[in-house]
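Chemist: Have a look at the structure that comes next, please.
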Amino acid sequence: MQIPKEEVRQAILSAAEEEILQTGYRSCSIRSIAARAGISPGNIYAYFSGKEEILDCILRPALGGIHGVMESPFPEGSPGEMVRQVTGRLAEVFLRYKRPCLILAARVEGTPYEPVKEQLGREIAARAYKELLPHFPQASRTRLLAEMMGDAFLYGMLRLLKQEPEDEGQMRRALESFLELMCGILRQDAAG
């Protein structure tokens, strides 16, 4: 009995995710992906032109989700509410595409995706500077602070993804609390 083509394609992508997470993009090969998927290396080429296309297929949905959140307007409301809503949306994307996000964060050396993590940090910083920091006292409104917030958010999110929290709610609460703490400290520091 023949396995449907979409199932084989998904098995290849799943095997590639696992292989890239374990060995990194540079070290993985079509042969190692095929072995993990339980198919011949030649069969992969019936579905993909090479490992570059496989990586694109793995990362494209995650990047689309991240850019969708980053390009949408911040919600109206208090800084705390803005942080909660945007954090919640990004957390949903990171959770939905957990393995691709982890690959993007640390396993794409030598690919066009290598600078994406840094670019995302800059995008988060730019949004924080433009839309979040204006709600804080003038002394707190610096690009350096926005960059630190972007870096801290990404580092915290990726650390949570690697730690495999017991449930998604735990991850969301931890991230939300972390960002609220950062914003609260800024407000207290500026007021004091």
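At position 148 of the sequence shown (counting the first as 1) the number is 148 in UniProt numbering, and the numbers step up by one without a gap. Think of the CB as a built atom: it goes at the ideal place given N, C-alpha and C, for glycine as much as any other residue. This structure is a prediction, so every number in the text was calculated from the model and none was measured.
(1) Excluding the 5 residues preceding and the 5 following S40 in the sequence, name in chain order all residues of the same chain whose CB lies nearer than 7 angstroms to its CB.
(2) L132 and P75 - do their beta-carbons sit closer together than 8 angstroms?
(3) Measure the beta-carbon distance from I12 to Y45 and round it to whole angstroms, keeping in mind my assumption that it falls under 8 angstroms.
(4) Would you say the region 58–72 touches the region 82–99, given that touching needs at least three Cβ pairs under 8 angstroms?
(5) For D151, does the three-state DSSP call read helix, strand or coil?
(6) Name the residue from F153, C28, T142 and K162 whose alpha carbon lies nearest to the alpha carbon of V83.
(7) Any heavy atom of the ligand NAP closer than 7 angstroms to the Cβ of A34?
(8) Have a look at S32, F94 and I20 and flag the residue whose alpha-carbon is nearest the alpha-carbon of L175.
(9) How far does the alpha helix (DSSP H) with D56 in it extend, from its first residue to its last?
(10) Just the Cα atoms here: how many angstroms apart are P134 and L59?
(11) Determine the DSSP secondary structure at C28, reduced to helix, strand or coil.
Modeler: With the given structure in hand:
(1) A34
(2) no
(3) That pair is no contact at about 10 angstroms.
(4) yes
(5) helix
(6) F153
(7) You won't find the ligand NAP in this model; it holds no ligand whatsoever.
(8) F94
(9) K51 to E71
(10) 33 angstroms
(11) coil
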